[in-house]
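Colleague:
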Amino acid sequence: MASTVTYTRFRPALRPWTVAVLVGLIGYCDFPLQWIVGSPLSPTRSYISELAVAGQPYYQFFRIGDLVAGIGLAVLAGVLVIWRPSSPMRLGSAALVVAAATSVVDALSPMSCAPSVDPRCWAADHAAVSTQLSQLHTIAGVVGFTAILFAMAAYGVALGGQPGMRHLGLVGLTCAAIGAVLGGIEIVTALADTDWTGLFERIHVAIVGTFLVMLTFAVARTTSPASRRSTVTSLPH
């Protein structure tokens, strides 16, 4: 006597939105390319935005990366609202759209100089807060940083109450908390003129990027069509 057993396997499909988001996240975390292009900037001292300053090696590439990142983040925000609609998810996506917009602003209005290697630029960067906040790039950076932290926290809350997603929700809340701590450290190290501001910023960006990649694959995995395979097995008489 034989019976047929059907196995159901979910295979993430490489859909257009998935490609757009992943390419965007590569642009968001493109700072390791400074070693490939031979950037003279210190990876521990310099801001990531300094890679896009005119005159730096392949600075146009990093500006395009900011633009692509903005598009990718905006696409992800829209997908997440459709995926698991809830008030926290909508708030998180609204914040992510704001972060996406600031990334586009970074691309269109990049830093004019590199403070880590230019003394005059460093003096301007450490001017009064009112002077710094008169610069569009600085405003975009502050708003974008706050928005991305809020988005991760909101997604963490939204997913924390859903079966099968609680672990990812906890990761989101943890990443938001770590990001807030790292942000505080970045401010302190920048004001104290240490050589570690860039390192903490890069760690922060890597953490954000990692969580968003995890979120992207979670959506892709749970929304992919199932492929069924039937297997004929023999049962003892």
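Converting from the sequence shown to the working numbering requires adding 1 to each position, the first position being numbered 1.
All C-beta atoms, glycine included, are put in the ideal place defined by N, C-alpha and C.
Take the Cβ of G39 as the centre, count every other Cβ of all protein chains shown within 10 Å, and call the residue buried at 16 or more, exposed below.
Modeller: Per the 10 Å Cβ criterion, exposed.
Colleague: Express the C-alpha separation of T190 and R167 in angstroms, rounding to a whole number.
Modeller: If you take the alpha carbons of R167 and T190, they lie about 35 Å apart.
Colleague: At what residue ranges does the segment 123-192 contain a whole run of the alpha helix (DSSP H), taking only runs of 4 or more?
Modeller: Within the segment 123-192, the complete alpha helix (DSSP H) runs of at least 4 residues are 130-133, 137-161, 167-192.
Colleague: Identify which residue in G170, A95, G28, T223 has its Cα closest to the Cα of V105.
Modeller: Considering only alpha carbons, the answer is G28.
Colleague: When the distance is taken between beta carbons, is I49 closer than 8 Å to E187?
Modeller: The answer is no: Cβ separation not under 8 Å.
Colleague: Quick one: grab the DSSP three-state call for L26.
Modeller: Correct three-state label for L26: helix.
Colleague: How far does the alpha helix (DSSP H) with Y60 in it extend, from its first residue to its last?
Modeller: 60-84 is the span of the alpha helix (DSSP H), which, as asked, contains Y60.
Colleague: Work out the CA separation of F32 and F218 for me, nearest whole Å.
Modeller: Near 22 Å, if we compare the C-alpha coordinates of F32 and F218.
Colleague: What is the rounded straight-line gap between the Cα of C114 and the Cα of G161?
Modeller: Cα-Cα distance, rounded: 42 Å.
Colleague: Taking all protein chains shown into account, do 16 or more other C-beta atoms lie within 10 angstroms of the C-beta of Q61, making it buried, or fewer, making it exposed?
Modeller: Classification of Q61: exposed, given that the 10 Å Cβ count is below 16.
Colleague: Counting pairs of Cβ atoms below 8 Å between the segment 91-100 and the segment 145-152, do you hit three or more?
Modeller: The segment 91-100, when compared against the segment 145-152, does touch it at the 8 Å Cβ threshold.
Colleague: Taking the beta carbon of D194 as the centre, do at least 16 other beta carbons fall within 10 Å, making it buried, or is it exposed?
Modeller: So D194 ends up on the exposed side.
Colleague: When you compare only the Cα positions, how much space is there between V24 and D196?
Modeller: In a straight line, the C-alpha of V24 is about 31 Å away from that of D196.
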